[in-house]
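Trainee:
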């Protein structure tokens with residue numbers, strides 16, 4: 009592989025989050041000679057905060073696929089290959105986008121990493137988007153993914169509620185993805201104390217790919233992945249060394 013080119017990782021945020029959740033990883037990845045992390049922004053938040061939220065699954069997947077294709081075309085002279093990473097909600101969205109990228113543009117990632125994300129084939133129908141603002145805020149607290157100091161700021165809390173309601177609406181349509189199918193290998197990451205997403209629900213992703221699957225477990229709860237950069241980096245760099253196969 010040319011030393012002038014890097015593997016780009018398109019990283020999809022978890023439910024309710026934006027690209028900022030990967031800021032720390034982006035800084036670390038950019039110190040690697042062979043890795044570039046491109047965090048995916050969701051309309052209605054972050055740098056796309058002025059855009060309307062997209063609450064239709066098909067429209068969102070199309071939008072993100074087009075964004076990735078445009079980025080790849082504009083930077084391909086600096087890219088050796090590409091992979092995807094998605095945590096929880098972002099895991100499902102990432103694979104749906106991969107399926108469309110291959111169908112629409114003939115693009116297929118070298119492999120995909122899915123963290124703490126139940127496969128569509130085992131996800132039950134949810135209608136959390138119908139919850140009241142108060143109920144959504146309480147769920148945010150229970151999930152322990154957002155500091156209490158942040159939730160105590162009304163403007164930020166209200167923005168989070170809107171983002172979550174939008175993503176909950178998208179998630180309620182995941183039942184349409186039960187036959188989602190891709191061809192690239194999958195690396196599946198579970199956490200030892202993730203009581204929200206059982207290991208067997210993550211391993212069910214094997215049904216959604218004709219490629220090989222590889223499973224690793226980290227310590228901690230549902231959001232432990234963000235404290236395990238070294239482990240994640242190692243998985244992202246699979247195959248970049250000649251002696252290191254892609255699973």
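Residue numbers (our numbering): 9 to 255.
Idealized CB from N, CA, C, for every residue including glycine.
Distance check for residue 86 and residue 12, CA to CA, integer angstroms please.
Mentor: Each residue's alpha carbon lies about 7 Å from the other.
Trainee: Under 7 Å, do residue 128 and residue 188 count as touching if we go by C-beta distance?
Mentor: Yes, Cβ-Cβ distance for residue 128 and residue 188 is below 7 Å.
Trainee: With 16 as the cutoff for other CB atoms within 10 Å, does residue 218 come out buried or exposed?
Mentor: Per the 10 Å Cβ criterion, exposed.
Trainee: Tell me which residue opens and which closes the beta strand (DSSP E) that residue 15 is part of.
Mentor: Per DSSP, residue 15 belongs to the beta strand (DSSP E) from 14-20.
Trainee: Can you give the Cα-Cα distance for residue 45 and residue 105, rounded to whole angstroms?
Mentor: Cα to Cα, residue 45 sits roughly 17 Å from residue 105.
Trainee: Here's the rule: buried if 16 or more other CB atoms are within 10 angstroms of the residue's CB, otherwise exposed. What is residue 169?
Mentor: Label assigned to residue 169: buried.
Trainee: Which residue from 242, 76 and 31 puts its Cα closest to that of residue 113?
Mentor: Out of 242, 76 and 31, 76 has the C-alpha closest to the C-alpha of residue 113.
Trainee: Could you tell me if residue 144 is buried or exposed, where buried requires 16 or more neighbouring beta carbons within 10 angstroms of its beta carbon?
Mentor: By the 10 Å Cβ count, residue 144 comes out buried.
Trainee: DSSP puts residue 35 in a beta bridge; with which residues?
Mentor: DSSP output for residue 35 lists no bridge partner at all.
Trainee: Within the same chain, show all residues whose beta-carbon is closer than 7 Å to that of residue 63, passing over the 5 residues directly before and after it, in chain order.
Mentor: Once the five neighbours on either side are set aside, the close Cβ partners of residue 63 are 174, 177 and 178.
Trainee: Residue range of the alpha helix (DSSP H) that residue 143 falls in?
Mentor: Here the alpha helix (DSSP H) through residue 143 covers 141-151.
Trainee: Whole angstroms is fine: what's the gap from residue 39's alpha carbon to residue 138's?
Mentor: Taking the straight line joining both Cα atoms gives about 43 Å.
Trainee: For residue 32, tell me which candidate among 226, 78 and 234 has the shortest Cα-Cα distance.
Mentor: Answer by Cα proximity: 234.
Trainee: How big is the Cα-Cα spacing for residue 248 and residue 42?
Mentor: Computed Cα separation, rounded: 8 Å.
Trainee: Please confirm whether residue 210 and residue 196 have their CB atoms less than 7 Å apart.
Mentor: For residue 210 and residue 196, yes; Cβs fall inside 7 Å.
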